[in-house]
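Novice: Okay, so the sequence shown: first residue is 1 according to full-length UniProt numbering, each after it adds one.
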Amino acid sequence: HTRRGRRDCRALGSQLFGQGTEKAAVSGRMRSMQRGFARLSQLRYKVKADDLNLSDFVAAQVRSPASESAPASASSLVAHIPGIASSLPDGALAETSIGDLPASHLRSAVDWLTDRFKRQHTYLRISLTERCSLRCVYCMPPEGVKLTKEERLLRPNEIFRIASVLVGAGVDKIRLTGGEPTVRPDLVNVVESLNGLRPQGLRQIAMTTNGIALERQLPKLRNGGLDKLNLSLDTLDRQKFRDLTRRDGLAKVLRAIDAAIDAGYTPLKVNCVIMRGTNEDEIFDFAEMAMRKPIDVRFIEYMPFDDNGWSQGLMIPSSELLLRLRTRWPMLAKVETDAHDVARTYAAPGGVGSVSFVSSMTEPFCGGCNRIRLTADGALKVCLFGATEVSLRDAMREGATDGELLELVAGALHRKLPRHAGMLKIAATKNRPMTTIGG
Numbered sequence: 001h002t003r004r005g006r007r008d009c010r011a012l013g014s015q016l017f018g019q020g021t022e023k024a025a026v027s028g029r030m031r032s033m034q035r036g037f038a039r040l041s042q043l044r045y046k047v048k049a050d051d052l053n054l055s056d057f058v059a060a061q062v063r064s065p066a067s068e069s070a071p072a073s074a075s076s077l078v079a080h081i082p083g084i085a086s087s088l089p090d091g092a093l094a095e096t097s098i099g100d101l102p103a104s105h106l107r108s109a110v111d112w113l114t115d116r117f118k119r120q121h122t123y124l125r126i127s128l129t130e131r132c133s134l135r136c137v138y139c140m141p142p143e144g145v146k147l148t149k150e151e152r153l154l155r156p157n158e159i160f161r162i163a164s165v166l167v168g169a170g171v172d173k174i175r176l177t178g179g180e181p182t183v184r185p186d187l188v189n190v191v192e193s194l195n196g197l198r199p200q201g202l203r204q205i206a207m208t209t210n211g212i213a214l215e216r217q218l219p220k221l222r223n224g225g226l227d228k229l230n231l232s233l234d235t236l237d238r239q240k241f242r243d244l245t246r247r248d249g250l251a252k253v254l255r256a257i258d259a260a261i262d263a264g265y266t267p268l269k270v271n272c273v274i275m276r277g278t279n280e281d282e283i284f285d286f287a288e289m290a291m292r293k294p295i296d297v298r299f300i301e302y303m304p305f306d307d308n309g310w311s312q313g314l315m316i317p318s319s320e321l322l323l324r325l326r327t328r329w330p331m332l333a334k335v336e337t338d339a340h341d342v343a344r345t346y347a348a349p350g351g352v353g354s355v356s357f358v359s360s361m362t363e364p365f366c367g368g369c370n371r372i373r374l375t376a377d378g379a380l381k382v383c384l385f386g387a388t389e390v391s392l393r394d395a396m397r398e399g400a401t402d403g404e405l406l407e408l409v410a411g412a413l414h415r416k417l418p419r420h421a422g423m424l425k426i427a428a429t430k431n432r433p434m435t436t437i438g439g
C-alpha cells in the first residue's frame with residue numbers, strides 16, 4: 001500500500017503540474033504524503049486498503065492548500081481510510097499481523113462487514129444443503145439440478161467456524177436455509193452448536209422450511225435454540241400444490257403451520273410466491289388466513305433464477321396485489337417494521353395477523369441490505385442476484401486463518417454494488433438455481 005500510495009502521489013502530482021499548480025507546493029505535499037504512507041507499515045492491524053478510498057484520500061491531500069498540514073501520523077492518516085484501525089501508539093511496530101489474530105480480537109479492530117456504501121452486514125444466511133423434498137417450479141427444473149459432490153460441501157465444523165468468525169465480526173442474526181434444511185439428519189446439532197455463539201453476540205437463529213418434515217422436529221429445534229420460523233406455501237389447494245411442487249404434501253405443511261404456532265413461533269411468517277395465472281386467485285384466501293391466525297403472509301414477487309422458467313409476464317408487481325387486497329380490506333394500513341426488513345407489512349383492524357410484500361423486482365430494497373449468504377458448498381455471495389462468489393471452503397481447506405477469512409469477506413463486500421440489476425438483466429445473467437444458492 002505504501003508503493004500504491006507513492007504511485008498515486010506521483011500520478012496526481014504530474015496531473016496537477018500540467019494544470020499549472022505551483023510545483024513547490026505540490027512537491028511539498030507529495031513528500032508529506034509519502035512519509036505518511038510509509039508509516040502505514042507500522043500499524044498493528046494490517047488489512048488491504050480500499051483502492052478507491054486510498055486514491056481519493058491522496059487526491060484530496062495533494063489538491064488541498066499548501067497552508068494545510070498533511071497528516072503527520074499514521075493514526076491520523078488511516079482515519080481517512082475506512083476499515084483500518086490501530087491500537088498502538090504512533091511509531092510502535094506491529095508484532096502480530098491481522099491474519100494471525102483470533103476472531104475474538106477482531107470485532108473492535110476493523111469494521112469488516114461494512115461496504116463502501118456504509119451498509120453493515122449483520123445477517124448471515126447459511127444454506128445447509130442443496131437437497132429438497134419438493135421440486136417447486138420457480139426453484140428448479142422438473143428433473144432437479146445437479147448436486148455438488150458430498151466432499152465439496154461444508155462439513156459441520158466448517159459451518160460452525162465460518163459462523164463463529166462472522167459473529168465475532170458483528171453478525172447477530174443467522175438464518176438456516178436450503179434446499180430444505182430439515183432433510184439434514186444433523187439439523188438439531190447444527191442449531192445447538194450455533195446457539196453456543198450467543199455469548200459472542202448472536203441474537204437470533206431462524207430457519208426457512210417447506211414444512212414437510214417440520215412437525216416432528218419442532219420440539220428439539222425449539223429446545224436447541226431456534227428462535228424464528230418461515231414456512232414456504234404457495235397454494236391452499238391440494239391439486240395446485242401438486243402442480244407447483246411436483247409432490248403431494250399440502251396436509252403436512254398445514255399441520256406444520258399449526259404446530260409451529262402452538263410451539264410459540266408467532267407471528268409465523270408464511271412465504272408465498274405469486275405467479276400470474278397460477279395462484280394469484282388465492283391471495284384473498286391467504287389474507288383471510290392471516291386475519292384469523294398469528295401469521296404474517298409474505299407475498300413474494302416471482303424472481304428469475306437459472307432454469308426456473310421466469311418471465312416478466314408471470315411476475316405480478318406487489319403494488320397490484322395490494323390494490324386487489326384493498327378492494328376487500330380498504331383499511332389495510334402499513335405497519336412500522338425494522339429498517340432492514342425486506343418486506344412492507346400491512347394489517348387490517350380486527351385482524352390477528354398481517355400481510356407483507358417482498359418486492360425484489362419492482363421496488364428493490366438494496367439500500368438497506370444487511371445480508372450475506374453462505375452456500376452449502378462454502379461460497380460467499382454478497383447479493384442474491386449476483387453471480388460473483390468467493391469460496392471460503394477452499395480458503396479454509398488451504399489453511400486460512402480467521403483473519404484471512406475475514407479479509408476475503410471484507411473484499412467481497414467492498415465489491416458489492418449499490419443495487420442489483422434490473423429484472424431483465426438478472427434473467428439474462430448466468431447464476432445458480434435457487435436451490436443451490438439458498439432461499
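Note that beta-carbon positions come from the ideal geometry of N, C-alpha and C, so glycine has one too.
It should be emphasised that the depicted structure is a prediction, and the values quoted were computed from it without experimental measurement.
Hey, would you say V270 sits closer than 7 Å to I300, going by beta carbons?
Specialist: Going by C-beta atoms, V270 is not nearer than 7 Å to I300.
Novice: What are the boundary residues of the alpha helix (DSSP H) that includes S193?
Specialist: Element bounds for S193: L187 to N195.
Novice: Figure out for me which residue from G399, L405 and T401 has the closest Cα to the Cα of V390.
Specialist: If we check each option's Cα against that of V390, L405 comes out closest.
Novice: With distances taken Cα to Cα, identify the nearest neighbour of residue 470 among K240, V188 and I205.
Specialist: Residue 470 lies beyond the residue range present for the chain, which begins at 1 and ends at 439; the question has no answer from this structure.
Novice: Near V191, which residues of its chain fall below 7 Å by C-beta distance, leaving aside the five closest residues on each side in sequence?
Specialist: For V191, where only same-chain residues beyond five positions count, the Cβ hits under 7 Å are I205, L221, G224, G225 and L226.
Novice: Let me check one thing: in DSSP terms, what residues is D208 bridge-paired to?
Specialist: One detail in the question is off: residue 208 reads as Thr in this sequence, not Asp. Paired residues: N230.
Novice: Within 10 angstroms of the Cβ of L43, are there 16 or more other Cβ atoms? Answer buried if so, exposed if not.
Specialist: Low local confidence applies: a pLDDT of 41 at L43 is under 50, so the model's placement there is unreliable, and no value is given.
Novice: For K118 and A339, what's the separation of their Cα atoms in angstroms?
Specialist: Spanning the two alpha carbons is a distance of roughly 14 Å.
Novice: Helix, strand or coil for K220, going by three-state DSSP, please let me know.
Specialist: If DSSP states are grouped into helix, strand and coil, K220 belongs with the helices.
Novice: For S319, is the classification buried or exposed, using 16 other Cβ atoms within 10 angstroms of its Cβ as the cut-off for buried?
Specialist: Looking at its Cβ environment, which holds fewer than 16 other Cβ atoms inside 10 Å, S319 is exposed.
Novice: Just to check my reading of the structure: M291 and A348 have Cβ atoms closer than 8 Å, yes? What is that Cβ distance to the nearest angstrom?
Specialist: 7 Å between Cβ atoms; contact.
Novice: Does the Cβ-Cβ distance between G178 and T129 come in under 7 Å?
Specialist: In contact: G178 and T129 (Cβ atoms closer than 7 Å).
Novice: Under 7 Å Cβ to Cβ from N370, same chain only, skipping five residues before and after it: list those, please.
Specialist: Once the five neighbours on either side are set aside, the close Cβ partners of N370 are R119, Q120, H121, T122, Y123 and H340.
Novice: Can the beta-carbon of L154 be found closer than 7 Å to that of I174?
Specialist: No. Outside cutoff.
Novice: Note down, one range per segment and in chain order, each alpha helix (DSSP H) of at least 4 residues found wholly within the segment 294–360.
Specialist: DSSP runs (the alpha helix (DSSP H)) wholly in the segment 294–360: 318–326.
Novice: For a quick check, are the C-beta atoms of Q239 and T182 less than 7 Å apart?
Specialist: No, these two residues do not count as a Cβ contact at 7 Å.
Novice: Grab the span of the alpha helix (DSSP H) containing S164 for me, first residue to last.
Specialist: P156 to A169 is the extent of the alpha helix (DSSP H) around S164.
Novice: According to DSSP, is P141 part of a helix, a strand, or is it coil?
Specialist: Coil at P141, not helix or strand.
Novice: Pick out whichever of G403, A379, L236 and F241 has its Cα sitting closest to the Cα of A287.
Specialist: Of G403, A379, L236 and F241, the residue nearest in Cα terms is L236.
Novice: So L392 and L384 are in contact, right, with Cβ under 8 Å, and what is the actual spacing, rounded?
Specialist: The Cβ separation is near 17 Å, so there is no contact.
Novice: Going straight from the alpha carbon of A79 to that of T114, what length do you get?
Specialist: Note that A79 scores a pLDDT of 41, beneath 50, so its modelled location is shaky and nothing firm can be said.
Novice: Shortest alpha-carbon distance to T209 belongs to which of P267, K228, Q200 and G196?
Specialist: That would be K228, whose Cα lies nearest to the Cα of T209.
Novice: Per DSSP, V390 forms a beta bridge with which residues?
Specialist: Answer is L380, bridged to V390.
Novice: From the DSSP output, in three-state form, read off C366 for me.
Specialist: C366: helix per DSSP, three-state reduction.
Novice: Considering only C-alpha positions, which residue in the set C136, W112, G378 and A387 is nearest to E150?
Specialist: Among C136, W112, G378 and A387, the Cα nearest to that of E150 is on G378.
Novice: Give the secondary structure of K173 by DSSP, where H, G and I count as helix, E and B as strand, and everything else as coil.
Specialist: The answer is strand: DSSP assigns K173 an E or B state.
Novice: Starting from the Cα of E398, find the closest Cα among V165, K146 and E158 and give me that residue.
Specialist: Cα-wise, what sits closest to E398 is E158.
Novice: From this set, I126, P304, R198 and M207, which residue's C-alpha is nearest T362's C-alpha?
Specialist: Comparing Cα-Cα distances from T362 to each of I126, P304, R198 and M207, the minimum goes to P304.
Novice: V183 lies in the beta strand (DSSP E); which residues open and close that run?
Specialist: No beta strand (DSSP E) contains V183, which DSSP labels as neither H nor E.
Novice: Should G168 and Q200 be called a contact, given that it needs their Cβ atoms to be closer than 7 Å?
Specialist: Yes.
Novice: Below 8 Å on the Cβ atoms is my guess for D402 versus V165; work out the distance and round it to an integer in Å.
Specialist: Between V165 and D402 the Cβ distance is about 5 Å, and since that is below 8 Å, they are a contact.
Novice: Drop a sphere of 10 angstroms on the beta-carbon of V382, count the other beta-carbons inside from all chains shown, and report buried for 16 or more, exposed for fewer.
Specialist: Result: buried.
Novice: Within 10 angstroms of its Cβ, does G264 collect 16 or more other Cβ (buried), or is it exposed?
Specialist: Per the 10 Å Cβ criterion, exposed.
Novice: Taking A213 as the reference, which of E407, Q312, V253 and G196 has the closest Cα?
Specialist: Looking at the Cα atoms, V253 is the closest of the given residues.
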